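What follows is a short report on a single structure.
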Amino acid sequence: MPNVSTRRVVITGMGAISALGVGAEALWQGLREGRSGIGPLRHQDAARVRVKVAAQVPESFDPAAGIDERTLTQLDRTSEFALHAADEAIQQSGLDFSKEVGARTAVIVGTGVGGETTQDEQSRRLYAENATRVHPLSIVRVMTNASASQISIKYGLRGPTFAVASACASANHAIIQAAQMIRYGLADTAITGGTEACISYVVLRGWEAMRVLADDTCRPFSINRRGLVLGEGAGIFVLESLEHAQARGATILAELAGGGMTADATDIVMPSADGAASAMTQALDEAGLAPEDVDYINAHGTGTQANDATETKAIRLAFGAHADRLAVSSTKSMHGHALGASGALELVAVVNAMRYGIVPPTANLDQADPACDLDYVPNVARDMPVRAALSNSFAFGGLNAVLALKHAP
Amino acid sequence: MNESTQQQVFEIIAKQAKIDTATITPESTLKDLGIESLEAIELIFDIEEHFDITFPDQQGANFDKDTAQSLVDAVQTALDGKAAAGEGSQ
């Protein structure tokens with residue numbers, strides 16, 4: 009890496025929409041209580057699919073709240089989630105984007121696929137109902153950059169703005185990209201995170217056919233785990249350079265100290281311990297952390313046979329003897345696997361674990377697996393100081409993105 | 003049905019693995035036949051389509067150990083279940 013001066017990056021706002029409710033606080037309360045947002049699948053085609061459970065945003069979520077009618081008609085569910093989460097994060101940060109700040113703010117939002125619900129509905133019109141017309145705003149609803157663009161338009165944010173797609177690692181890749189924008193001076197502030205609204209008939213059928221969905225619930229690291237449970241939602245964060253945040257007297261929630269990004273370059277679906285481990289090591293290196301400095305890892309922990317055993321191996325590879333001293337938990341057991349939004353929902357867990365000294369548990373872990381032999385904080389949250397933490401995301405396609413967080417300076 | 007269920011399943015496996023049907027024995031595991039995880043999922047899909055059946059979700063959690071015969075048995079179980087349920091199928 010060329011020797012350039014880099015800036016420190018901090019988080020000053022966060023917002024979330026998830027199966028545990030509207031708001032980052034609702035998500036956090038659910039996680040610290042070990043409460044699962046997984047429930048019976050709600051969908052017009054639920055009776056036709058084998059998928060029985062999902063972690064869906066509750067029906068109490070009102071997409072229209074605080075969004076004008078003209079904008080609302082432009083939005084797929086992915087963008088509704090992202091805009092609401094962005095509103096919350098920006099409000100918490102207290103940032104005023106008028107004048108120069110808007111010009112120096114990047115908006116980088118991850119999503120696995122984008123507007124799948126819209127795509128599915130409009131395809132149904134054409135193929136099943138033999139309609140000849142689709143909704144005129146279908147294209148602007150579906151496009152993967154829709155969420156980033158809508159946030160940019162609403163707040164007048166004129167810096168680098170685009171979507172990042174890397175399946176289940178999309179949010180973490182987006183957050184790392186946004187942090188690098190600030191670190192290397194391309195922006196002073198950034199709105200970033202991930203969003204996904206993937207509970208459509210086609211998508212449910214697709215996951216069903218891959219045979220990786222659990223039919224009961226998500227049981228990460230438990231020997232009786234039966235696969236992942238699809239989730240949905242969004243997590244959005246306000247990032248700033250440390251000096252920008254300090255100059256305006258902002259409350260700093262955590263430091264985003266580093267990121268690691270690698271590709272396995274092996275198989276399109278089977279994970280590799282080496283690729284995941286090298287992403288963790290990279291994140292530690294960029295953050296200037298030794299393995300011994302880390303107290304908590306929010307695992308990718310999907311609840312599939314392959315992920316959980318491989319991730320355990322990867323953590324051992326990256327952390328050596330210190331692996332046995334780490335608290336490792338998978339909050340997907342509670343908010344489900346929200347694919348391109350998952351890393352963002354999990355970052356809410358990590359930031360609050362550090363702020364409050366509480367590590368959220370791995371729910372539904374009732375039978376130890378010899379292939380998963382770390383401390384996964386089973387079922388009950390743990391009071392413990394967290395000095396620094398990692399958040400893992402690994403994607404189909406063999407893509408790994410890991411965040412390294414430190415306590416607010 | 004003219005061909006036995008076993009014969010039909012072996013032909014689908016042979017097509018997926020790009021091998022001669024004659025090389026498949028009931029004891030061959032999918033791994034022996036060079037069928038890896040993602041191909042095994044495709045194989046299951048092909049078998050389901052061919053017989054118009056649906057395997058239970060957890061079928062296929064152990065492709066490394068599953069034999070060709072276990073697939074034939076699973077097809078037979080699904081076909082029997084379908085016959086018992088009458089003509090109605092999903």
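Protein chains in written order, with the working numbering: chain F, 9 to 417; chain C, 3 to 92. In this text, a Cβ means the ideal position worked out from N, Cα and C, and glycines have one as well. Computed from a prediction, not measured in an experiment: that's the story for all the values here.
Beta-carbon contacts of F:Lys414 that lie in its chain and below 6 angstroms, excluding the five residues immediately before and after: Glu263, Ala265 and Ala396
Three-way DSSP call (helix, strand, coil) for F:Arg219 in this model: coil
Residue(s) in a DSSP beta bridge with F:Cys380: F:Asp377
Under 9 angstroms from the C-beta of C:Leu35: neighbouring residues of chain F: Result: empty, since nearest Cβ-Cβ is about 18 angstroms, beyond 9 angstroms.
Coil, strand or helix - F:Tyr135 by DSSP: helix
8 angstroms contact criterion, which F:Leu297 and F:Ala409 should meet: CB distance rounded: Contact doesn't hold; Cβ gap of about 17 angstroms is too wide.
Cβ-based neighbour list, C:Gly62, same chain, cut-off 8 angstroms, excluding 5 preceding and 5 following: Caution is warranted here: a pLDDT of 48 is assigned to C:Gly62, below 50, making its placement in the model unreliable, and no coordinate value can be reported.
Alpha-carbon spacing of C:Ala24 relative to C:Val77, whole angstroms: The alpha-carbon separation between C:Ala24 and C:Val77 amounts to approximately 20 angstroms.
Test item: CB-CB of F:Ser101 and F:Thr14 under 9 angstroms: Contact flag unset, no.
Contact under 9 angstroms by Cβ, F:Thr289 with F:Ser44: The answer is no: Cβ separation not under 9 angstroms.
Test: F:Val359 CB closer than 9 angstroms to a CB of chain C: no
Inter-residue spacing [alpha-carbon to alpha-carbon] between F:Phe402 and C:Ser6: 43 angstroms
Ordered list of beta strand (DSSP E) runs contained in the region 245-281 of chain F, each at least 3 residues: The qualifying runs are 262-271.
Short Cβ contact (9 angstroms threshold) for F:Val117 with F:Gly202: With respect to the 9 angstroms criterion, F:Val117 and F:Gly202 are classified as neighbours on the basis of their beta carbons.
Close beta carbons around F:Ser160, own chain, < 6 angstroms, minus the five adjacent residues each side: Val115 and Thr169
Segment contact flag, the region 207-218 of chain F with the region 116-135 of chain F, C-beta cutoff 8 angstroms, min 3 pairs: yes
Boundaries (first-last residue) of the alpha helix (DSSP H) holding C:Leu81: Its alpha helix (DSSP H) spans residues Ala70 to Ala86.
Residue burial classification, F:Met392 (beta-carbon count within 10 angstroms, cutoff 16): F:Met392 should be labelled exposed.
Proximity winner among F:Thr312, F:Leu134 and F:Ala307, relative to F:Ala322 (alpha-carbon distances): F:Ala307
Same chain, Cβ closer than 6 angstroms to F:Arg390, five either side skipped, listed in chain order: Excluding residues up to 5 positions away in sequence, Val367 lie with their Cβ nearer than 6 angstroms to the Cβ of F:Arg390 in the same chain.
Min CB distance C:Leu40 to chain F below 9 angstroms: So yes, C:Leu40 belongs to the interface.
Whole-angstrom C-beta distance between F:Val237 and F:Ala34, which should lie under 8 angstroms: Contact flag wrong, Cβ pair sits at about 19 angstroms.
Contact with chain F by C:Thr31, beta-carbon distance below 9 angstroms: no
Neighbourhood of F:Ile276 by C-beta, 8 angstroms cutoff - its chain only, sequence neighbours within 5 removed: Phe404, Gly405 and Gly406
Coarse secondary structure for C:Ile37, derived from DSSP in three states: coil
Alpha-carbon spacing of F:His345 relative to F:His330, whole angstroms: 28 angstroms
Per-residue DSSP class, three states only, for C:Glu5: If DSSP states are grouped into helix, strand and coil, C:Glu5 belongs with coil.
Counted within 10 angstroms of its Cβ, other Cβ atoms place C:Gln9 as buried (16 or more) or exposed: exposed
Within chain F, partners of C:Phe47 - CB distance below 9 angstroms: Per Cβ cutoff of 9 angstroms: Ala217.
Other residues of its chain near F:Pro299: CB distance less than 6 angstroms, five sequence neighbours each side excluded: Phe327 and His330
Burial state of F:Val356, where buried means 16 or more other Cβ atoms lie within 10 Å: F:Val356 comes out buried.
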